[in-house]
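Everything below concerns the one structure shown next.
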Amino acid sequence: MLRVIEADITTLALDAIVNAANETLLGGGGVDGAVHRAAGPKLLEACKAIGGCPTGQARITNGFDLPSKWVIHTVGPRWHGGDSGEPELLESCYDSALELAIDNRVRTVAFPGISTGIYGYPKQAAAKIAVSVMRRYENKFEEIVICCFGTEDKVIYEKTLETD
Ligand code: ADP
Numbered sequence: 001m002l003r004v005i006e007a008d009i010t011t012l013a014l015d016a017i018v019n020a021a022n023e024t025l026l027g028g029g030g031v032d033g034a035v036h037r038a039a040g041p042k043l044l045e046a047c048k049a050i051g052g053c054p055t056g057q058a059r060i061t062n063g064f065d066l067p068s069k070w071v072i073h074t075v076g077p078r079w080h081g082g083d084s085g086e087p088e089l090l091e092s093c094y095d096s097a098l099e100l101a102i103d104n105r106v107r108t109v110a111f112p113g114i115s116t117g118i119y120g121y122p123k124q125a126a127a128k129i130a131v132s133v134m135r136r137y138e139n140k141f142e143e144i145v146i147c148c149f150g151t152e153d154k155v156i157y158e159k160t161l162e163t164d
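Residues 1 to 164 (this note's numbering) are what the sequence shown spells out, left to right.
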C-alpha cells in the first residue's frame, strides 16, 4: 500500500525511514540534518564507517535514537536542468533504497522527496518518478509512506497518485 502523509519523517516509528543524504554521508542540511539530530551522534559514527555513497545508490544504518529501526541513506542527484542523467539517478535512488529495504526484511518504510529541497529537483517531476518506482514495489511491503514536509508537497503527491 502507498500512503501520503504530512509529517516530520524523524517522528515516524516504522521499520525504516529514508534519508536524502549527500555523497559524504556525513550529514548536511534539510532532512539529513534533522535525521542526524534525532538519531544522535552514533549515526555519524556509523556513516563514517561506511565511507560515503555515490549518487543514485543507497546504504543502510541503524536508526539509533530514532523511533524507526533503520535509516536508509540515499544520495539524490543535484538538478542541473534535467539533461545530466537526473531522472535516471533519481529513479535509481528509489529503486536502490527499496531493494536494500527488502534485503533487510523491512515491511514499512517512509520516503521524503529525495532531491526536491536543496538539490532543486522540480517537485512534480520528482513525484512522478517516486510514485512510478513505489508502485512497482508496493506489494512487496506492508506500507510505503510518502512523507511530505508541507501541504504543498502533499497535494502534489495526492494528485500524482490519482492521475499516474
Ligand atoms: P535534497 O538535498 O535531496 O534536496 P533536502 O533535505 O533539502 O534534500 O530536501 C528533500 C525533501 O525533504 C524536501 O521536500 C524537504 O522539504 C523535505 N524535508 C526536509 N526536512 C524534512 C523532515 N524533517 N521530514 C520530512 N521531509 C523533510
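The C-beta atom is built at its ideal place from N, Cα and C for all residues, glycine as well. If you're wondering where the values come from, they're calculated on a predicted model, not measured in any experiment.
Verify whether the separation of the beta carbon atoms of residue i and residue j is less than 8 Å.
i           : j           : result
residue 128 : residue 151 : no
residue 77  : residue 119 : yes
residue 66  : residue 39  : yes
residue 75  : residue 23  : yes
residue 117 : residue 92  : no
residue 168 : residue 106 : As displayed, the chain neither begins before 1 nor continues past 164, which places residue 168 out of reach and without an answer.
residue 58  : residue 36  : no
Please classify residue i as buried or exposed, where buried requires at least 16 neighbouring CB atoms within 10 angstroms.
i           : result
residue 26  : exposed
residue 115 : buried
residue 81  : exposed
residue 60  : buried
residue 113 : buried
residue 19  : buried
residue 102 : exposed
residue 11  : exposed
residue 83  : exposed
When the Cα atoms are used, what is the spatial distance from residue i to residue j?
i           : j           : result
residue 32  : residue 21  : 6 Å
residue 7   : residue 148 : 6 Å
residue 132 : residue 85  : 17 Å
residue 143 : residue 13  : 12 Å
residue 54  : residue 68  : 24 Å
residue 17  : residue 111 : 6 Å
residue 96  : residue 5   : 22 Å
residue 121 : residue 99  : 23 Å
residue 41  : residue 162 : 40 Å
residue 79  : residue 123 : 11 Å
residue 134 : residue 140 : 10 Å
residue 9   : residue 51  : 24 Å
residue 28  : residue 43  : 13 Å
residue 104 : residue 1   : 19 Å
residue 108 : residue 130 : 16 Å
residue 217 : residue 30  : Nothing about residue 217 can be reported from this structure: the residues present for the chain run from 1 to 164 only.
Hey, residue i and residue j are a contact pair by Cβ (cut 8 Å); roughly how many whole angstroms apart?
i           : j           : result
residue 62  : residue 49  : At roughly 11 Å, the Cβ-Cβ gap does not stay under 8 Å, so residue 62 and residue 49 are not in contact.
residue 146 : residue 3   : 7 Å
residue 90  : residue 126 : 6 Å
Relative to the ligand HEM, is the shortest distance from any of its heavy atoms to the C-beta of residue i smaller than 7 Å?
i          : result
residue 63 : For the structure depicted, the ligand HEM is absent and the ligand set comprises only the ligand ADP.
Report the start-end ranges of each alpha helix (DSSP H) in the region 53 to 80 that is 4 residues or longer and not cut off at the edges.
none
Beta strand (DSSP E) segments (min. 3 residues) lying fully within the region 105 to 159
108 to 111 and 143 to 148
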